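Please read the structure below before turning to the comments.
Here it is, written out as structure tokens:
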């Protein structure tokens, strides 16, 4: 749904949602669906807040709009020193593993090499080791806006590897029946994801209520990840 105001709420937050990031956030008709959408709605309902979804073409653009105060909250956020200058973060609500995907038959040894091109999401965080690699070889990294663009470049051999969140990548491969793509075993980066709020639009006591709501919904959150979208 684009908004939710069917119950009395203390405040309505403008939440940035992705139109095409299955299984976490995607648009079907006029409604947003996915793991993170269901988590946001469960947590906000528990806390007594309402939500209104807005959409931007990339996570980098959404981050900029939050910094400018044009959107109140982003989900699936990684906390960094730079972002902490303009945002408050909730406690972690789910874990994320950034993995490397390649074509079947590709060599897996020393893939952080200037000989290789990586397709990544514009604005995403991939950890210290990858950022060192990106700084050393900026031309080795190709920024993209969505998962279909990244895997499309991999399939057409325009990049050698894609770095993608594990569940997102496996869901994409399964949904499209892509037998020619494989998941490499070693994570590039693992971290707990958080809700990221504009400092201009949330009070400390409101963030505390969000944290409490996340904790009280932990079992529900894990069940959504395990059963709703990861069925065999």
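Residue numbers (full-length UniProt numbering): 1 to 232.
Glycine residues also receive a C-beta, built at the ideal position from the N, C-alpha and C atoms.
All of these numbers come straight from a predicted model, not from anything done at the bench.
With contacts defined as CB atoms closer than 7 Å, residue 164 and residue 101 qualify as a contacting pair. Counting of Cβ neighbours within 10 angstroms places residue 150 among the buried residues, the total reaching 16 or more.
Annotated as distal: residue 54 and residue 214, with beta-carbon spacing of 7 Å or more. In the DSSP assignment, residue 152 falls within the alpha helix (DSSP H) that extends over 147-155. Within the same chain, Cβ atoms closer than 7 Å to the Cβ of residue 27 are found at 19, the five residues on either side in sequence being excluded. Residue 164 sits in a strand when the DSSP states are folded into three classes. Closest in alpha carbon position to residue 9, among 206, 146, 154, 158, is 206.
Here residue 220 is exposed. Its C-beta has fewer than 16 other C-beta atoms within 10 Å.
The C-alpha of residue 169 is placed about 12 Å away from the C-alpha of residue 96. Judged by DSSP in its simplified three-state form, residue 181 adopts strand. Note on residue 87: 16 or more other CB atoms within 10 angstroms of its CB, so buried under the neighbour-count rule. By a beta-carbon distance limit of 8 Å, residue 142 contacts residue 119. Their separation comes to about 5 Å. Minimum Cα-Cα distance from residue 172 among the listed residues 186, 184, 147 corresponds to 147.
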